[in-house]
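Number 17 in our numbering belongs to position 17 of the sequence shown; there are no gaps in the numbering.
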Amino acid sequence: MTDYPLIIKQMQALSEVSADPTPVMANVSSLLYHAMEDVNWAGFYLVKDGALLLGPFQGKVACVRIEKGKGVCGTAWDEDSLQLVCDVHAFPGHIACDSASRSEIVVPVHRDGDVIAVLDIDSPLPARFTEDDAAGLTALAEAMEAIIKQGEAS
Ligand code: SME
């Protein structure tokens, strides 16, 4: 099982106060990709100009732009809700960046109540992600929001 409290501590230790959230997202991608078992992609899509644009990530190359409401990421943004997908083939409109992916979890990241990005993690195993992952990643996203907020105030 993934030790999310440890990853959150590592993220906080690595973060420097900066107005740009890119370094935080880049290190979170790496921390998750290397700490989680059976994961083939971990990273961010950023809300930009009315769509999701590929942000910092670890894993194989991925699609660059996702429209609002499209795929798992676009749905998480549109509905502002965590998406826990046990079988990506059963998700209507799933966008297959890596054909090896079988399950996926997507968590919205906020600033002042608005979704500014989504954290997306893929696995080659069906039903890889559980409610424990959902809770752990929600806590991680909230801790990251606080770091981003602190950076903006600086
Ligand atoms: N599967 C995602 C697209 C992003 S890749 O998995 C990295 C989706 O359906 O939104």
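Every residue gets a Cβ at the ideal spot worked out from N, C-alpha and C, and that includes glycine.
Inter-residue spacing [alpha-carbon to alpha-carbon] between residue i and residue j
i	j	result
Asp49	Lys70	15 Å
Glu152	Leu52	21 Å
Leu6	Ser30	14 Å
Gln83	Ala90	13 Å
Asp20	Ser101	30 Å
Glu37	Ile147	26 Å
Lys60	Thr130	23 Å
Ile95	Glu142	26 Å
Range of the contiguous beta strand (DSSP E) that encloses residue i
i	result
Leu119	Asp114 to Ser123
Ala90	Unbroken run through Ala90: none, as it is neither H nor E.
Gly43	Trp41 to Lys48
Residue i beta carbon near the ligand SME (any heavy atom closer than 6 Å)
i	result
Asp122	yes
Trp77	no
Gly71	yes
Ala117	no
Cys97	yes
Ala90	no
Ala62	yes
His34	no
His94	yes
Candidates the options, of which the one nearest residue i by Cα
i	options	result
Met25	Met11, Val72 and Asp38	Met11
Cys166	Phe57, Ser18 and Pro108	Missing from the structure shown is residue 166; the chain here goes from 1 to 154 and no further.
His34	Tyr4, Pro92, Ser81 and Asp78	Tyr4
Lys68	Lys9, Gly55, Gln58 and Ala117	Ala117
Residue i - containing alpha helix (DSSP H), residue span
i	result
Pro23	Thr22 to Ala35
Simplified DSSP assignment, three categories, for residue i
i	result
Lys149	helix
Pro126	coil
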